[in-house]
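Anchor point for the sequence shown: position 154 equals 153 in numbering that gives the first Met the number 0, and the numbering is continuous, going up by one each time.
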Amino acid sequence: MSAGIPAVLCMAALSILIYTGWFSSVADDLAIPRSMILYYLLGAVVLSGFPPVPKDQLIQIDPGFGALLWLFVALAVKMHKKWRLSFASLCLFLGSSLFLWHEISRVETDWSDLSFRAVIVLSLVLIPVCFAKNLGDRVTLAVGGALVAHAWILIFHHEVLKPLIIGNDEYLDTVWICITSVFLVHYSVRAAQEWLRKWRKMGSI
């Protein structure tokens, strides 16, 4: 599958699940209107279709990275102030740990290595699920950890990355797989908890 397509598929899947009501409480969970979430996903899909800018320069930025950064900031500012420093520290620790794994395993610097991507996805899904309770905080932690890891890779490997693309397709694919997985795990756990609660009530009758 070509780089960039997994990210688009993930955004499309989230749009469909939200629009059809599978994630019915997403607006309350993220404190963002449902329509705005759908418009954001549509805009992110459109931006991901554009090539990195400025063209033919040594340092470029993928427009899709701008959409990802906007998501992180939009969710981070909604976080309770007393938790922001703790979450920032956790994002730094998580991203730095993933970068350390990247260096130890000596994988490619463009996020295309499947073993590295698997470790990234597992870490950026399981750790946010374990350390945060609400969906917004979980997504913030996942994206924040990915941003830190990406920043370290760009800083320490800028000499071999020519051009140096901030938020290349492979990176965006990985992060959107993480975001989609966080959504799926969050609502699957909630559904399981509700089913278990109903089962216990029926058993007590």
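Every residue, glycine too, gets a C-beta built ideally from N, C-alpha and C.
Determine the extent of the beta strand (DSSP E) in which residue i is found, giving its start and end residues.
i: LEU163; result: 163-165
i: ILE58; result: 58-60
Rounded to a whole number of angstroms, what is the C-alpha to C-alpha distance between residue i and residue j?
i: ARG196; j: CYS90; result: 33 Å
i: PRO51; j: ASN133; result: 33 Å
i: LEU146; j: ARG105; result: 19 Å
i: LEU41; j: THR19; result: 15 Å
i: ARG116; j: LEU84; result: 27 Å
i: LYS200; j: ALA43; result: 43 Å
i: PRO127; j: ARG33; result: 23 Å
i: TRP100; j: VAL159; result: 19 Å
Can you tell which of the options has the C-alpha that lies nearest to the C-alpha of residue i?
i: TYR38; options: TYR170, PRO62, LEU13, LYS132; result: LEU13
i: ARG189; options: HIS149, ILE154, VAL25; result: VAL25
i: ILE210; options: HIS149, SER1, TRP175, VAL128; result: Missing from the structure shown is residue 210; the chain here goes from 0 to 204 and no further.
i: ALA11; options: SER114, LEU160, ILE176; result: ILE176
i: LYS94; options: ILE31, ALA191, TRP194, VAL142; result: Note that residue 94 is Gly in the sequence shown, not Lys. GLY94 has its Cα closest to that of VAL142, out of ILE31, ALA191, TRP194, VAL142.
Report the CB separation of residue i from residue j in whole angstroms; it is logged as a contact under 8 Å.
i: ASP136; j: PHE86; result: 7 Å
i: CYS9; j: ILE178; result: 7 Å
i: VAL124; j: VAL184; result: 6 Å
Could you pull out every residue in the same chain whose Cβ sits closer than 8 Å to the Cβ of residue i, ignoring the five residues on either side in sequence?
i: LEU171; result: GLY3, ALA6, SER47, ASP61, GLY63, PHE64, LEU67
i: LEU163; result: LEU57, ILE58, GLN59, LEU153, HIS157
Is residue i close to chain B, meaning its C-beta is less than 8 Å from at least one C-beta of that chain?
i: PRO62; result: This model lacks chain B altogether; it includes just one protein chain.
Leaving aside the five residues before and after residue i along the sequence, list all residues of the same chain whose C-beta is less than 7 Å from its C-beta, in chain order.
i: PHE22; result: LEU16, PHE182, TYR186
Taking 6 Å as the limit between beta carbons, can you name the residues of its chain near residue i, skipping five residues before and five after?
i: ALA131; result: ARG137, LEU140
i: ILE103; result: none
i: ALA75; result: THR139
How far does the alpha helix (DSSP H) with residue i in it extend, from its first residue to its last?
i: ARG116; result: 113-130
i: SER104; result: 80-104
i: PRO5; result: 4-18
i: PHE155; result: 134-155
i: LEU160; result: Counting along the chain, LEU160 falls outside any alpha helix (DSSP H), and DSSP gives it neither H nor E.
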